[in-house]
Amino acid sequence: MLLPQMWLRKFWLRRALRDYPPYDPPHKVEEYLLSREQATENFDNFMRVRLERFAYFRNWLRRYFWATITPDERGIRALSRWGNRYAGLLLVIGPDGHPTDSYFTYDPPWTGENAGNNVVFDMGIALGEIIIANCPRLHWALEPTSAILPRRSKMLKRSPGMSFQRPKLTGWDDPTWDASPLHQVHSFAHEMLYLSTYPSACRYYQRSKESRRNVREWLLNMFKSILRDYPAGDPYKLRDEMSAGDYSRLMDSETEEEDNGDE
252 MLLPQMWLRK
262 FWLRRALRDY
272 PPYDPPHKVE
282 EYLLSREQAT
292 ENFDNFMRVR
302 LERFAYFRNW
312 LRRYFWATIT
322 PDERGIRALS
332 RWGNRYAGLL
342 LVIGPDGHPT
352 DSYFTYDPPW
362 TGENAGNNVV
372 FDMGIALGEI
382 IIANCPRLHW
392 ALEPTSAILP
402 RRSKMLKRSP
412 GMSFQRPKLT
422 GWDDPTWDAS
432 PLHQVHSFAH
442 EMLYLSTYPS
452 ACRYYQRSKE
462 SRRNVREWLL
472 NMFKSILRDY
482 PAGDPYKLRD
492 EMSAGDYSRL
502 MDSETEEEDN
512 GDE
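In this text, residue positions in the sequence shown follow my numbering: the first is 252, and each later residue adds one.
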């Protein structure tokens with residue numbers, strides 16, 4: 252059951268979502284199931300519309316929620332605060348009590364009660380574009396590490412709900428490094444959804460103060476982590492201790508067991 256204050260927020264959110272534009276890729280199938288050609292068509296569409304959607308999302312937040320998103324840490328903090336209050340309400344709970352897979356599968360379509368998926372997606376665009384504004388060597392790409400980390404890519408190609416072949420950020424000195432804002436914002440919204448109900452809120456307040464802050468500041472922590480590791484992308488400095496080939500094999504080795512187990 253939702254907490255009392257969530258009902259009013261949900262009512263206002265529904266009003267704000269009435270005319271929100273749906274994200275409309277050419278292939279509305281979970282991307283890990285698409286051919287490379289189809290995934291490229293979806294990616295090209297994303298690149299054409301992302302800035303327009305980012306601008307719409309910022310104006311929408313300012314119009315309905317008086318939230319101003321700037322391309323810096325202040326903007327991420329504002330996005331995070333808004334998300335603490337509303338992001339969980341953007342997801343639809345399925346019969347099993349968990350969020351549906353619609354954000355990944357496009358089924359049901361992102362209209363009606365599922366229209367919140369469009370906002371979650373645009374939150375990811377906003378997060379990514381603000382990161383790019385502060386890390387100008389980074390850019391969106393389609394599975395930039397696939398050729399370097401073949402085992403990892405093979406595993407993700409078989410895995411629903413992991414955002415394989417959705418746009419990611421790349422451009423670090425470390426070619427094995429990428430970031431997935433579109434996926435991270437869904438994880439954040441997932442956490443916020445559980446904080447909107449009685450049982451989960453009770454468990455949340457039983458955590459330590461630091462743990463609660465880390466949950467609330469999920470997006471901010473991701474942003475700070477990326478800026479801290481930019482432009483190297485290798486926080487443990489392992490690339491300095493081995494050859495490029497050995498380093499790539501090391502980064503790919505964590506999925507070796509799963510890969511071998513499927514053969």
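No residue lacks a Cβ here, since even glycine has one placed at the ideal position from N, Cα and C.
Quick one: give me the first and last residue of the beta strand (DSSP E) that residue i is part of.
| i | result |
| --- | --- |
| His390 | 390-393 |
| Leu517 | It is not possible to answer for residue 517, since the shown part of the chain is limited to 252 through 514. |
Would you grab the beta carbon distance between residue i and residue j for me? Rounded to a whole angstrom, and I think it's under 8 Å.
| i | j | result |
| --- | --- | --- |
| Ile246 | Gly326 | It is not possible to answer for residue 246, since the shown part of the chain is limited to 252 through 514. |
| Tyr337 | Arg260 | 6 Å |
| Tyr481 | Trp423 | 7 Å |
| Ile376 | Arg269 | No, Ile376 and Arg269 are not in contact; Cβ-Cβ is about 21 Å, not under 8 Å. |
| Pro277 | Asn296 | 6 Å |
| Tyr432 | Ala384 | Looking at the sequence itself, residue 432 is Pro, so the reference to Tyr does not match. Going by Cβ atoms, the distance from Pro432 to Ala384 rounds to 13 Å, so no, they are not a contact pair. |
| Gly367 | Leu341 | 3 Å |
| Ala440 | Gly339 | 6 Å |
| Met473 | Gln416 | So it is not a contact: roughly 21 Å between Cβ atoms. |
Just curious, the alpha helix (DSSP H) that residue i is in, first and last residue?
| i | result |
| --- | --- |
| Lys408 | 401-408 |
| Tyr283 | Careful: Tyr283 lies outside any alpha helix (DSSP H) and carries neither H nor E. |
| Tyr498 | 495-503 |
| Met257 | 255-268 |
| Phe415 | It is not in any alpha helix (DSSP H) - Phe415 carries neither H nor E in the DSSP assignment. |
Under three-state DSSP, which class holds residue i?
| i | result |
| --- | --- |
| Gly512 | No answer about Gly512 holds up, because its pLDDT of 45 lies below 50 and its placement is not dependable. |
| Ala483 | coil |
| Thr448 | strand |
| Ala366 | coil |
| Pro432 | helix |
| Ile382 | helix |
| Ile320 | coil |
| Arg458 | coil |
| Trp333 | helix |
| Glu468 | coil |
| Gly427 | For the sequence presented, residue 427 should be read as Thr rather than Gly. Thr427 falls in the coil class under three-state DSSP. |
| Asp491 | helix |
| Tyr271 | coil |
| Tyr307 | helix |
| Asp518 | Not covered by the structure: residue 518. The range shown for the chain is 252 to 514. |
| Tyr357 | coil |
Per DSSP, residue i forms a beta bridge with which residues?
| i | result |
| --- | --- |
| Ala398 | Bridge partners of Ala398: none, in fact. |
| Ile376 | Note: Ile376 sits in no beta bridge, so no partner. |
| Ile344 | Pro350 |
Report yes or no: is there a C-beta of chain D within less than 8 Å of the C-beta of residue i?
| i | result |
| --- | --- |
| Leu470 | As a matter of chain content, chain D is missing from the structure shown, which is built from one protein chain. |
The stretch 406-413 touching the stretch 278-294, judged by at least three CB pairs closer than 8 Å: Contact between the stretch 406-413 and the stretch 278-294 is present, because at least three Cβ pairs lie under 8 Å.
The stretch 345-356 touching the stretch 450-459, judged by at least three CB pairs closer than 8 Å: Below 8 Å, too few C-beta pairs join the stretch 345-356 and the stretch 450-459 to call them touching: fewer than three.
Given 8 Å, three or more beta-carbon pairs between the stretch 254-270 and the stretch 394-401: Too few Cβ pairs lie closer than 8 Å, so no.
Three CB pairs or more closer than 8 Å across the stretch 416-435 and the stretch 313-326: No: fewer than three Cβ pairs fall under 8 Å.
Segment contact, 8 Å Cβ cut-off, at least three pairs: the stretch 463-472 with the stretch 489-503: These segments do not touch.
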